[in-house]
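Asks: Residue numbers (UniProt numbering): 1 to 775.
A virtual CB, placed ideally from N, CA and C, is assigned to each residue, including glycine.
As the structure is a prediction and not an experimental result, all values here were calculated from the model.
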């Protein structure tokens, strides 16, 4: 977890504790739910926590927090705090700084937050939803001046103007209460649906999709998740939600984060310089103008996209003719790799958010007003079936939905659409352990769509569940699957599972090592973590035994294998560095590994002796990180100690040097100084002792004392790695100091600079004597 994720987890635990203590409902949602299901914690790049909570539960939560809320926390909600600048509530930290765009000129709490998106009850009548949505957009526009909401839905500018004038002349509170009375008037017991209170797009949910809640895991916590988790994730992210997205599709949230200050302190710096009244006036004028021209702008957009769609259709037809591919024959032979390449340019345009939209803030208009390239039925069917066979099921379904609304579905298209719905129904059965129903649907669909990778993977899960009794049958199925898809990591993983069950661990590990490179399915990665993380201590112990037995090359091969199997585990990575240190053949190779290890544990090489005679101010974030136990730290320390020993340090002093590197705590450094000094009784270790004492004094900013120790070390060390280190320290200091003295001498009194720099060396004769020792 990142430092931000650790803090957000703390905030979430507070919300979770209040809800569980008072029997309030919530569910993990959005990326947080993906994290709970696919990672059992945060998605690695996620930087927020999303919860859904029914309005009735949220109102109780607010009442409870009036008396139980810690002083450094705030409840943010527009119907509670009229200075708040968003339509959905948040649970916020009041002593941190994370200012979002909408909060730049606000007065509300702008710290780290948990988003609690309220679920407002909505009747089944779509007209009632449209009424709710219209007033929600106006509501959001009045609350949040930085974003325009209503123009995307072509809401009349006159309606916005009506409420804006009410806002100006009757007051904000009175105007918002009018809107709240309209939007929040429905009773939960009379409604079958919820609308998510979000100005971006108030999504609709059937109540039984979310409640009653189930339980999952999130960073070791038992958390509430939606009742029909599979249905929700497919709706929100598509059928491929379990796959890790490519790096360029991993999105975070934008906020100004400033460590070490509160949002009030940060605002004090910039707020006086902002003309808030002018900004609000300009924002309101811009919104009104955008609403006035929304229909014209959308019409022009549609006309432009229709022209693009014609070009896309003509280009595709030309490509088909030029390729010489007979679509019907290619589909019968299931040559979907070739067909996917043929349709590549068409997919890029037709599946873009510009053409078919997305259910988000930016592309919601395009979602409800999609544009289709006009293709012959047989070409469109080939394109959609290719999507279906190449595991882009949600994209195929979306195109079929649009085609059905704008044109007509042929019998084949209608059958495919219904079969995708059956596939999703099977996933729902599987989630609720209705294995017989799920298995029957899967078998029926595989008869219709033989060698479909998604269906074969689904069947694979059933077969592996019974692999204890029907292992031979599962093994034969996997052999057939790998014959068709030899490079698919999903099937490789389950083939490895069979080998593991049969006691053939060596071959199984070879297959497991290929899995992560050959599938991005996060559920497969999670299963591997569950299988192998309990063996981690044993793996590291075996590694150290191999090193001790001088089987270093075998140890290196072993740890490289485990790095492929558990690439995100820092203990395993640290174990690999331990082996690399043991296998290094030269001093330069060992030093290279030392530099890499120090980067990993947050102790990058610094200029050992600042020429100004003062210790460099520590990097605040680095200092904070160094005080916390990092994953893999103990193994990294073993690797560093091993490196120092290989470079000639005695065992005890090698261990002490590692501890010196890994701490900045004054009391800890003094304790280490005592431990180092105690080794002076060993004459052969005196050079090492004085060198380490110099390092400690340097970290404490005692430059003169550090150099006294370094000069003493030179009196005892023979040609060795320590002498090389001392040479580098002193020569680099002389070189850097002379350059900086020359630069400073042009601007100020050079005598003062020279005195400050050379004082630690003593007289000129002392410097000459020191130079002769080094040479």
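Helix, strand or coil for residue 575 per DSSP?
Replies: Helix.
Asks: So who's on the other strand from residue 92, going by DSSP bridges?
Replies: Paired residue(s): 74, 113.
Asks: Within the continuous alpha helix (DSSP H) that includes residue 426, where are the two ends?
Replies: Segment 411-431, the alpha helix (DSSP H) holding residue 426.
Asks: Using 8 Å as the cut-off, can you tell me whether the region 372-390 makes contact with the region 345-357, which would need three or more C-beta pairs spanning the two stretches below that distance?
Replies: Touching, per the Cβ criterion.
Asks: Rounded to the nearest angstrom, what separates residue 45 and residue 588 at their Cα positions?
Replies: Near 35 Å, if we compare the C-alpha coordinates of residue 588 and residue 45.
Asks: Between 242, 83, 678, which lies nearest to residue 458 when the distance is taken from Cα to Cα?
Replies: Cα-wise, what sits closest to residue 458 is 242.
Asks: Do residue 692 and residue 653 come within 8 Å of each other at the CB atom, strictly closer than that value?
Replies: Their beta carbons are under 8 Å apart, which means residue 653 touches residue 692 by this criterion.
Asks: Could you tell me the alpha carbon to alpha carbon distance between residue 434 and residue 462, rounded to whole angstroms?
Replies: Whole-angstrom Cα-Cα distance: 11 Å.
Asks: Buried or exposed: residue 609, going by 16 or more other Cβ atoms within 10 Å of its Cβ?
Replies: Unreliable placement is indicated for residue 609, whose pLDDT of 41 sits below 50; no coordinate value is reported for it.
Asks: For residue 1, name the three-state secondary structure that DSSP assigns.
Replies: In the structure shown, residue 1 sits in coil (DSSP, three-state: anything other than H, G, I, E or B).
Asks: I'd like the list of long-range same chain contacts for residue 80, defined as Cβ closer than 7 Å, with 5 residues on each side in sequence excluded.
Replies: Hits under 7 Å: 62.
Asks: Hey, would you say residue 52 sits closer than 8 Å to residue 122, going by beta carbons?
Replies: Cβ atoms of residue 52 and residue 122: not closer than 8 Å.
Asks: DSSP on residue 718, reduced to helix/strand/coil?
Replies: In this structure, residue 718 counts as coil in the three-state DSSP scheme.
Asks: Buried or exposed: where does residue 5 fall if 16 or more other Cβ atoms within 10 Å of its Cβ makes it buried?
Replies: Burial call: buried.
Asks: What is the rounded straight-line gap between the Cα of residue 15 and the Cα of residue 41?
Replies: Whole-angstrom Cα-Cα distance: 16 Å.
Asks: Among residues of its own chain, excluding the 5 on either side of residue 512, which ones have a beta-carbon nearer than 6 Å to its beta-carbon?
Replies: Correct list, in chain order: 496, 565.
Asks: Hey, how far is the Cα of residue 33 from the Cα of residue 723?
Replies: Going by the C-alpha atoms only, they are around 56 Å apart.
Asks: At what residue ranges does the region 193-261 contain a whole run of the alpha helix (DSSP H), taking only runs of 4 or more?
Replies: Qualifying alpha helix (DSSP H) stretches, in chain order: 207-210, 229-237.
Asks: Measure from the alpha carbon of residue 59 to the alpha carbon of each residue in 47, 228, 88, 70, then state which is nearest.
Replies: It is 88 whose Cα lies nearest to the Cα of residue 59.
Asks: Grab me the residues of residue 446's own chain with a C-beta within less than 6 Å of its C-beta, minus the 5 sequence neighbours each way, in chain order.
Replies: Hits under 6 Å: 455.
Asks: Contact between the region 571-585 and the region 546-562: three or more CB pairs below 8 Å?
Replies: Short answer: they touch.
Asks: Are residue 160 and residue 143 close, meaning C-beta to C-beta below 8 Å?
Replies: Cβ atoms of residue 160 and residue 143: not closer than 8 Å.
Asks: Residue 17 to residue 69, Cα distance in whole Å?
Replies: Taking the straight line from one Cα to the other gives about 12 Å.
Asks: So residue 50 is in the alpha helix (DSSP H); what residue range does that whole segment cover?
Replies: No alpha helix (DSSP H) holds residue 50; the beta strand (DSSP E) holding it covers 50-54.
Asks: Three-state secondary structure (DSSP) at residue 521?
Replies: Three-state result, residue 521: strand.
Asks: Within a Cβ cutoff of 8 Å, which residues of the same chain sit near residue 172, ignoring the five residues on either side of it in sequence?
Replies: Counting only Cβ-Cβ distances below 8 Å, and skipping sequence neighbours, we find 82, 142.
Asks: Take residue 641 and list the residues in its own chain whose beta-carbon comes closer than 7 Å to its own, dropping the five residues that flank it on each side.
Replies: Once the five neighbours on either side are set aside, the close Cβ partners of residue 641 are 654, 655, 658.
Asks: State the beta-bridge partners of residue 119 as determined by DSSP.
Replies: For residue 119, which the question treats as bridged, DSSP gives the partners 54, 196.
Asks: Short of 8 Å in beta carbon distance, which residues of its chain neighbour residue 625, apart from the five on each side in sequence? Order them along the chain.
Replies: Bear in mind that the predicted position of residue 625 carries a pLDDT of just 44, short of 50, making it unreliable; the figure below should be weighed with that in mind. Only 3, 602 meet the Cβ criterion.
Asks: From the DSSP output, which residues share a beta bridge with residue 99?
Replies: Residue 99 pairs with 256.
Asks: Skipping 5 residues on each side, what residues in its chain have a beta carbon closer than 8 Å to that of residue 618?
Replies: For residue 618, the predicted model reports a pLDDT of 42, less than 50, meaning its position is unreliable; a value from the coordinates is still stated below. Taken in chain order, the residues that qualify are 664.
Asks: What's the call for residue 306, buried or exposed, on a 16-neighbour Cβ count within 10 Å?
Replies: Result: exposed.
Asks: Under 7 Å Cβ to Cβ from residue 230, same chain only, skipping five residues before and after it: list those, please.
Replies: Excluding sequence neighbours, residue 230 sits near 427, 428, 431.
Asks: On the premise that residue 294 lies in contact with residue 151, defined as a C-beta separation below 8 Å, what is that separation, rounded to the nearest angstrom?
Replies: 4 Å between Cβ atoms; contact.
Asks: Going by C-alpha to C-alpha distance, which of 717, 673, 321, 633 sits closest to residue 648?
Replies: The shortest Cα separation from residue 648 among 717, 673, 321, 633 belongs to 717.
Asks: Residues bridged to residue 528 by DSSP?
Replies: Note: residue 528 sits in no beta bridge, so no partner.
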